[in-house]
Every structure is written in C-alpha cells, then in structure tokens.
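Right, one structure below, let's go through it.
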Amino acid sequence: MTGKFGHQRFLVQSALRRIFASPLGGILNILVIGIALSLPAGMYALLKNVQTLAGQLPGKPEISLFLVADSNDEAIEKIRTKIAQHPDIAGSRFVSRDAALRQLQAGSALGDVIEALEHNPLPDAFVITPRVDTAAALKRLRDELADWGGVDLAQMDSDWAYKLEALLGFGRMLALILGALFSVALIAVTFNTIRLQILTQREEIEVARLIGATNAFIRQPFLFFGAIQGLLGGIVTLMILAIGIRLANIPLAEVARLYSSDFRLQILGWGDSLSLLLFSLYLGWLGAWLSVSRHLSRITPR
Amino acid sequence: MIRFNQVSKRYPGGYEALKNVSFNVAEGEMVFLTGHSGAGKSTLLKLIAAIERPNSGSVLVNNQNVGVLKEAALPYLRRNLGIVFQDHKLLFDRSVFDNVLLPLQICGFEPRESSKRVRAALDKVGLLKREKLNPVALSGGEQQRLCIARAIVNRPAILLADEPTGNLDADYSREIMEIFRSFHQVGATLLISTHDQSVLEDEGVRRIALKSGELA
Chain Z
2 MTGKFGHQRF LVQSALRRIF ASPLGGILNI LVIGIALSLP AGMYALLKNV QTLAGQLPGK
62 PEISLFLVAD SNDEAIEKIR TKIAQHPDIA GSRFVSRDAA LRQLQAGSAL GDVIEALEHN
122 PLPDAFVITP RVDTAAALKR LRDELADWGG VDLAQMDSDW AYKLEALLGF GRMLALILGA
182 LFSVALIAVT FNTIRLQILT QREEIEVARL IGATNAFIRQ PFLFFGAIQG LLGGIVTLMI
242 LAIGIRLANI PLAEVARLYS SDFRLQILGW GDSLSLLLFS LYLGWLGAWL SVSRHLSRIT
302 PR
Chain V
9 MIRFNQVSKR YPGGYEALKN VSFNVAEGEM VFLTGHSGAG KSTLLKLIAA IERPNSGSVL
69 VNNQNVGVLK EAALPYLRRN LGIVFQDHKL LFDRSVFDNV LLPLQICGFE PRESSKRVRA
129 ALDKVGLLKR EKLNPVALSG GEQQRLCIAR AIVNRPAILL ADEPTGNLDA DYSREIMEIF
189 RSFHQVGATL LISTHDQSVL EDEGVRRIAL KSGELA
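Protein chains in written order, with the working numbering: chain Z, 2 to 303; chain V, 9 to 224.
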C-alpha cells in the first residue's frame with residue numbers, strides 16, 4: 002500500500018515539476034484554462050445572486066381585482082361573497098378607493114399632483130391571495146375573475162416574477178452553452194499540451210516500453226499532468242471570480258444604497274466551488290486521456 | 009531458456025537480416041553471439057525481446073512463443089529480461105540513481121526496497137558514488153556500466169547485451185565482462201553479442217556465430 006501511495010505522490014510531484022518546467026508556458030496554460038472557465042462560472046454566480054434577490058421579494062403571487070369605477074356598496078358586497086366562496090382563493094384584502102389614494106399620496110413623490118385632483122380617479126379593489134400556485138392555474142383563475150360582473154380588471158401582481166423566472170431560464174441556458182463551449186476549449190488546450198509533452202518525452206516513453214512498462218504506467222504521468230493542470234485552472238477561476246465579485250460590489254453597493262438595500266453579490270459557496278474544481282480536474286484528465294490515447298500508440302521502440 | 013526454430017526475419021524493403029536460424033540456450037548458460045556488424049546480431053536480440061517479430065519460425069523464451077505475443081503481454085515478457093542496449097538508451101533528464109530506479113518503478117516496487125536495490129546495482133558496477141550525477145557527466149565506459157546496472161537491478165532471469173564493450177578500451181571491456189560473469193555465477197542466463205576480440209579470448213564460453221544472417 003505504501004508503495005502505491007508513494008508512487009502517486011511521486012506522480013503528483015513530477016506532474017507539478019513538468020507543468021512549471023517552463024514557468025511561463027505552464028502559467029499561461031493555467032491562465033487560459035482559468036479565464037475560459039471564469040466566464041460561464043461567473044455567469045452562473047451572477048444568476049445565483051439574482052435568484053437570491055428574487056427570493057427576497059414577495060414570492061406569493063397576488064391578483065389585484067379592480068372594480069368598475071364608482072361601484073356601490075351592494076356590488077362590493079356581492080363580489081366579497083363570491084370571493085369567500087371560491088375554492089381557489091385563500092384570502093383577500095379589500096382596498097377602498099380612498100385608502101388607495103392615501104397610500105399613493107404617502108408612498109410616492111406624486112403627493113402634490115394627487116392633491117390637485119378634483120376627484121379620486123382610483124377604483125375600489127380586492128387583493129386576492131390564490132390557493133393555487135402554478136402559472137397555468139393562476140392564469141385560469143385570473144381570467145375567471147376578470148369575467149365577473151362589476152370587475153373591470155384582474156391583474157396578476159407576480160407577472161414580473163414569471164418574467165424574471167423566464168429570463169433566468171434564458172440566462173441559465175446561455176451559461177450552459179458557454180460552459181459547454183469553454184469546456185471543449187479546456188479539453189483542447191490540455192489535448193495540445195499533452196501532445197507536446199508526449200513528443201518531448203518520446204525517448205523516455207520508448208525506453209520505458211523497452212524495459213517493460215505497461216501502457217497504463219506510461220499513460221499515468223500524462224493523466225496526472227492534465228488533471229492537475231485542470232485543477233490549477235479551476236483554482237484560478239475561483240480567484241478571478243472572488244476578485245471580480247469584490248470589484249463589482251463597490252459600484253453595486255452605491256446602487257443598493259439608493260434602493261435602501263444592503264444587497265451584495267456573493268461568491269460561490271463551498272459546494273459550488275468544490276464542484277467547479279472537480280469539474281475542471283475532470284476536464285483536464287479527459288483532455289489528457291484523449292491525447293494520450295491518440296498519440297501514445299504511435300510511439301513504438303526500435 | 010531461449011530457443012530459435014528456423015527463424016527468418018525480413019525487413020520492409022526486402023533486406024533479409026536472419027535466414028533460417030535455429031539454436032538453443034539453456035537456463036543458466038552464458039553465450040557469446042559473434043559476427044561482423046550487419047551479420048544480424050542486433051536483430052536476433054530484438055526478436056528475443058519482441059521488439060521485432062519474425063517473419064517465419066518461432067522464438068521461444070521460457071517456453072513462450074514471443075513472436076505471437078499480444079501487445080498487452082509484452083511488458084511482462086520484458087520485465088523478465090535485462091537488456092543492455094548498444095546505444096545505452098539512458099535518460100538525460102534525470103540522475104544516475106533515477107535511471108536505475110525506472111525499471112523498479114515500472115514493476116511497482118516499494119520506495120525503500122527500491123532504493124536498496126538501486127544502490128546494490130550501482131555498487132556492483134562501481135557507480136555508487138555517482139548516483140546524484142546526470143548521466144551526461146559520465147564517461148562512455150561509465151554510461152555503459154550504468155546501462156548494465158539498469159538491466160540487472162530487476163534481477164532478471166535473462167540478460168541480453170548488444171555490443172556491451174563496443175567502443176571501450178581493453179581495461180573497460182574486462183571490467184564489464186567481470187560484471188557479466190558475476191551475474192552469470194548467480195544463475196542468470198546471458199546472451200552477449202560482440203565482435204570484440206579481447207572479449208572473445210575468454211575460453212570456456214560457448215559461441216553462436218552469425219554470418220550474413222545465417223549460422224556460421
């Protein structure tokens with residue numbers, strides 16, 4: 002057992018030695034990998050942050066039911082009863098036109114303008130909390146409510162949430178495509194590095210073959226090389242993200258302050274970071290494996 | 009231990025390196041393979057290590073027909089052979105010590121046991137004090153001895169040597185033959201190709217003579 006671990010330690014050491022044998026070349030390779038991965042990874046981090054932000058806002062969808070202008074008390078009572086009896090509605094809150102006007106006056110800079118109005122232009126409204134929560138069911142409920150007599154307009158307050166969700170889905174797809182493309186780039190970079198490695202170590206490979214090395218033995222150092230190079234690239238990606246997010250937070254803090262929020266971009270969590278490292282390690286290994294499979298068999302001793 | 013049955017080897021282009029060669033080397037025997045350069049000595053040794061394959065006939069090593077071995081089985085054949093190459097095939101990207109260590113790494117020896125064996129092999133060829141050097145810093149004779157140390161570190165049952173005293177003067181040649189003889193005394197089978205007259209003066213060693221690819 003000690004022999005096996007000893008050999009693996011040797012492989013890791015010699016892989017590191019080879020990566021930094023020409024320090025500039027080695028570092029450039031790792032930088033290329035790190036930068037390539039930081040684009041999709043950064044996008045992923047951003048999406049995750051936007052999602053958290055969306056989660057902090059009222060998540061429960063609400064439907065605002067605006068009554069026709071100048072509804073009398075009888076009409077309002079009729080609708081209140083219908084709401085109470087409807088199975089898909091969990092609760093409701095009545096906002097009278099006077100209350101709505103007061104709210105508007107207090108909550109916006111339009112106070113003076115509203116004061117100048119001769120009469121209240123706002124309708125009476127019910128804010129309804131539905132029992133259903135799927136987009137389709139909500140839409141059905143809204144359409145049904147809109148058809149009620151005495152109702153002018155039924156408006157889904159959470160429309161923006163669905164739009165955001167759709168946008169996030171688009172973003173996620175974009176990140177996925179970028180991720181796939183840059184993964185291929187990473188594999189290609191490793192493939193080429195290993196190809197050059199194999200060429201420069203042609204002699205060593207030949208000698209090893211002559212004195213009884215199996216293909217697995219010859220392959221191992223290259224696979225370790227690819228995997229470690231990928232891993233170091235992944236570490237560079239995490240560093241780029243950490244620095245980038247810290248920089249982005251400086252102007253963002255100002256924006257957030259204007260909205261009296263303390264929102265900041267967060268760096269990737271432990272789980273995501275670990276996944277990223279394992280992923281880049283695996284891609285490096287895969288690139289090396291492809292390269293070794295293709296190039297090693299061409300080297301036969303004379 | 010090594011048996012050739014009517015072996016012929018033709019290289020692409022039609023050059024016939026070996027014609028209908030048959031011989032037998034018993035276990036624990038030491039044999040000289042003689043002949044002018046171009047007589048087919050190197051080809052014969054390469055056939056034993058399955059570096060080349062015969063066009064006809066069979067090459068048996070330890071009763072195994074190595075001419076038809078699968079690619080994946082070759083490493084295990086070669087681990088039983090120690091080969092001293094004509095051009096040494098040393099690696100100049102590592103120390104003398106690490107050159108000798110390579111066969112043990114390939115076989116998966118434990119590091120401490122490996123170090124012991126490497127030092128024993130270097131001691132046997134008189135290079136113990138040079139273990140930290142790069143082989144480039146060694147003289148021709150020392151490089152040859154390093155190649156021998158690498159061939160015997162694994163304690164192979166069969167040792168093949170291709171012109172081991174090639175460009176060396178008589179004193180060096182004698183030293184190297186001493187090393188081979190001591191290895192022979194502990195029971196190894198040796199097949200040494202040479203055209204070095206000073207070596208061939210040694211009486212009591214069987215010779216297999218090749219002439220233009222045929223047994224003379």
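Where is the CB? At the ideal position from N, CA and C, for every residue including glycine.
Thr-3 of chain Z: buried (16+ other C-beta within 10 angstroms of its C-beta) or exposed?
Within the first sequence, numbered from 1, the residue matching residue 3 of chain Z stands at position 2. Below a pLDDT of 50, predicted positions are generally treated as unreliable, and Thr-3 of chain Z, at 44, falls in that range; the measurement from the model is reported next regardless. Counting every other CB atom within 10 Å of its CB across the protein chains shown gives Thr-3 of chain Z a total below 16, marking it as exposed.
For Ala-169 of chain V, the first and last residue of its enclosing beta strand (DSSP E):
By one-based count along the second sequence, residue 169 of chain V stands at place 161. Counting along the chain, the beta strand (DSSP E) containing Ala-169 of chain V begins and ends at 166–170.
Can you confirm whether the segment 141–152 of chain V touches the segment 191–208 of chain Z when touching is taken to mean that 3 or more C-beta pairs between the two stretches lie within less than 8 Å?
The segment 191–208 of chain Z is not in contact with the segment 141–152 of chain V.
Please specify which runs of the alpha helix (DSSP H), each continuous and at least 4 residues long, are wholly inside the segment 83–155 of chain Z, giving them in chain order.
Within the segment 83–155 of chain Z, the complete alpha helix (DSSP H) runs of at least 4 residues are 98–108, 112–116, 136–147.
Kindly indicate if chain Z contains any beta-carbon less than 8 Å away from that of Lys-49 of chain V.
Counting from one through the second sequence, the residue named residue 49 of chain V turns up at place 41. Closer than 8 Å: no.
Pick from Z:Asp-89, Z:Lys-79, Z:Gly-43: whose alpha carbon is nearest that of Trp-149 of chain Z?
Reading the first sequence from its first residue, position 148 is the one you call residue 149 of chain Z. Cα-wise, what sits closest to Trp-149 of chain Z is Z:Lys-79.
Would you say Lys-78 of chain V lies against chain Z (beta-carbon separation less than 8 Å)?
Taking the first residue of the second sequence as 1, we reach residue 78 of chain V at position 70. Not an interface residue.
Looking only at its chain, what residues have a beta carbon closer than 7 Å to the beta carbon of Ile-152 of chain V, apart from the 5 residues adjacent to it on each side?
Counting from one through the second sequence, the residue named residue 152 of chain V turns up at place 144. Correcting the residue type first, residue 152 of chain V is Gln in the shown sequence and not Ile. Same-chain partners within the cutoff: His-96, Pro-172, Leu-176, Ile-184.
Going along chain Z in order, which residues have a C-beta closer than 9 Å to the C-beta of Lys-14 of chain V?
Position 6 of the second sequence holds residue 14 of chain V. The question names Lys, but residue 14 of chain V is Gln in the sequence shown. Going along chain Z, no residue has its Cβ under 9 Å from Gln-14 of chain V, so there is no contact; the nearest lies around 25 Å.
Whole beta strand (DSSP E) runs in the segment 36–118 of chain V with 3 or more residues, listed along the chain?
DSSP runs (the beta strand (DSSP E)) wholly in the segment 36–118 of chain V: 38–42, 64–69, 89–92.
DSSP three-state call for Met-174 of chain Z: helix, strand or coil?
As a working mapping, residue 174 of chain Z is identified with position 173 in the first sequence. Helix at Met-174 of chain Z.
Who does Met-157 of chain Z pair with in a DSSP beta bridge?
For this step, residue 157 of chain Z is matched to residue 156 along the first sequence. Partner(s): Z:Ile-64.
What in chain V is Cβ-close to Ile-241 of chain Z, meaning under 9 Å?
Start at 1 with the first residue of the first sequence, and residue 241 of chain Z comes out as number 240. Going along chain V, no residue has its Cβ under 9 Å from Ile-241 of chain Z, so there is no contact; the nearest lies around 34 Å.
Using CA coordinates, which residue listed in Z:Asn-193, Z:Ser-184, Z:Glu-207, Z:Gly-227 is at the minimum distance from Ile-36 of chain Z?
Working through the first sequence from its first residue, we reach residue 36 of chain Z at position 35. When each option's Cα is compared against that of Ile-36 of chain Z, the closest is Z:Ser-184.
Establish whether the CB of Ile-200 of chain V and some CB of chain Z are separated by less than 8 Å.
Taking the first residue of the second sequence as 1, we reach residue 200 of chain V at position 192. With 8 Å as the cut-off, Ile-200 of chain V does not count as an interface residue toward chain Z.
Please look up how many angstroms separate the CB atoms of Ala-76 of chain Z and Gly-151 of chain Z, rounded, as I've assumed it's under 8 Å.
Counting from 1 along the first sequence, the entry for residue 76 of chain Z is found at position 75. Counting from 1 along the first sequence, the entry for residue 151 of chain Z is found at position 150. Contact between Ala-76 of chain Z and Gly-151 of chain Z is confirmed by a C-beta separation of about 5 Å, below the 8 Å threshold.
Do the segment 67–77 of chain V and the segment 90–109 of chain V meet, that is, are 3 or more Cβ pairs less than 8 Å apart?
Touching, no, given that fewer than three Cβ pairs across the two stretches are closer than 8 Å.
If we ignore side chains and look at the alpha-carbon of each, how far apart do Phe-12 of chain V and Glu-204 of chain Z end up?
Start at 1 with the first residue of the second sequence, and residue 12 of chain V comes out as number 4. Start at 1 with the first residue of the first sequence, and residue 204 of chain Z comes out as number 203. Looking at the two C-alpha atoms, the distance is approximately 30 Å.
Chain Z contact residues for Ile-91 of chain V, given Cβ-Cβ distances below 8 Å:
The residue labelled residue 91 of chain V in the question sits at position 83 within the second sequence. Chain order gives the chain Z residues near Ile-91 of chain V as Leu-211, Ile-212, where near means a beta carbon separation below 8 Å.
Return the bridge partner residues of Arg-298 of chain Z from the DSSP annotation.
The count along the first sequence starts at 1 and reaches residue 298 of chain Z at position 297. In the sequence as presented, Arg is not what sits at residue 298 of chain Z; that position holds Ser. DSSP output for Ser-298 of chain Z lists no bridge partner at all.
Give me the chain V residues within the contact set of Thr-194 of chain Z, using Cβ-Cβ distance strictly less than 7 Å, ordered along the chain.
Taking the first sequence and counting its residues from 1, the one referred to as residue 194 of chain Z is at position 193. Near Thr-194 of chain Z there are no residues of chain V at all, since even the closest Cβ is about 18 Å away, more than 7 Å.
Tell me whether Ile-219 of chain Z sits in a helix, a strand or coil according to DSSP, three-state version.
Mapped onto the first sequence, residue 219 of chain Z falls at position 218. Ile-219 of chain Z: helix per DSSP, three-state reduction.
Using a threshold of 8 Å, state whether the C-beta atoms of Val-67 of chain V and Leu-55 of chain V are closer than that.
Here residue 67 of chain V refers to the residue found at position 59 of the second sequence. Here residue 55 of chain V refers to the residue found at position 47 of the second sequence. Result yes, Cβ atoms of Val-67 of chain V and Leu-55 of chain V sit closer than 8 Å.
Compare the Cα-Cα distances from Lys-83 of chain Z to each of Z:Met-44, Z:Ala-147, Z:Ala-136 and report the closest residue.
On the first sequence, position 82 is the one that residue 83 of chain Z refers to. It is Z:Ala-147 whose Cα lies nearest to the Cα of Lys-83 of chain Z.
Tell me the DSSP secondary structure of Ala-214 of chain Z in three-state form.
If you number the first sequence from 1, residue 214 of chain Z lands on position 213. Secondary structure at Ala-214 of chain Z: coil, using DSSP grouped into helix, strand and coil.
Distance between beta carbons of Leu-53 of chain V and Asp-170 of chain V, contact taken as under 8 Å
Position 162 of the second sequence, counted from the start, is the residue given in the question as residue 170 of chain V. Position 45 of the second sequence, counted from the start, is the residue given in the question as residue 53 of chain V. Between Asp-170 of chain V and Leu-53 of chain V the beta-carbon gap is near 5 Å, inside 8 Å, which marks them as a contact.
Just checking my contact of Ile-91 of chain V with Phe-218 of chain Z at CB under 8 Å: how many whole Å lie between their CB atoms?
To locate residue 91 of chain V, count along the second sequence from 1; it is residue 83. To locate residue 218 of chain Z, count along the first sequence from 1; it is residue 217. At roughly 17 Å, the Cβ-Cβ gap does not stay under 8 Å, so Ile-91 of chain V and Phe-218 of chain Z are not in contact.
Examine chain V for any beta-carbon lying closer than 8 Å to the beta-carbon of His-296 of chain Z, and answer yes or no.
Here residue 296 of chain Z refers to the residue found at position 295 of the first sequence. With 8 Å as the cut-off, His-296 of chain Z does not count as an interface residue toward chain V.
For Asp-99 of chain Z, count the other beta carbons within 10 Å of its own beta carbon; 16 or more makes it buried, fewer makes it exposed. Which is it?
Indexing the first sequence from 1 puts residue 99 of chain Z at position 98. Exposed, since its Cβ has fewer than 16 Cβ neighbours within 10 Å.
Could you check what DSSP says for Lys-140 of chain V in three-state terms: helix, strand or coil?
Here residue 140 of chain V refers to the residue found at position 132 of the second sequence. Note: Lys-140 of chain V maps to coil in three-state DSSP.
Beta-carbon within less than 7 Å of Asn-142 of chain V's beta-carbon, same chain only, minus the 5 sequence neighbours each way: which residues are those?
Reading the second sequence from its first residue, position 134 is the one you call residue 142 of chain V. Same-chain partners within the cutoff: Phe-100, Ser-103.
Would you mind sorting Pro-23 of chain V into buried or exposed? The rule is 16 or more other CB atoms within 10 Å of its CB.
Start at 1 with the first residue of the second sequence, and residue 23 of chain V comes out as number 15. Position check: residue 23 of chain V holds Tyr in this sequence, whereas Pro was assumed. That one is exposed.
Reduced DSSP category for Val-190 of chain Z - H, G, I as helix; E, B as strand; rest coil:
One-based indexing of the first sequence puts residue 190 of chain Z at position 189. Residue state for Val-190 of chain Z is assigned as helix, using DSSP reduced to three classes.
Can at least three beta-carbon pairs, one atom from the segment 263–283 of chain Z and one from the segment 160–176 of chain Z, be found at a separation below 8 Å?
Contact between the segment 263–283 of chain Z and the segment 160–176 of chain Z is absent, because fewer than three Cβ pairs lie under 8 Å.
Take every Cβ of the segment 171–185 of chain Z, pair it with every Cβ of the segment 14–27 of chain Z, and state whether three or more of those distances are shorter than 8 Å.
The segment 171–185 of chain Z, when compared against the segment 14–27 of chain Z, does not touch it at the 8 Å Cβ threshold.
Determine whether the Cβ of Lys-97 of chain V lies closer than 8 Å to any Cβ atom of chain Z.
On the second sequence, position 89 is the one that residue 97 of chain V refers to. By this cut-off, Lys-97 of chain V is an interface position.
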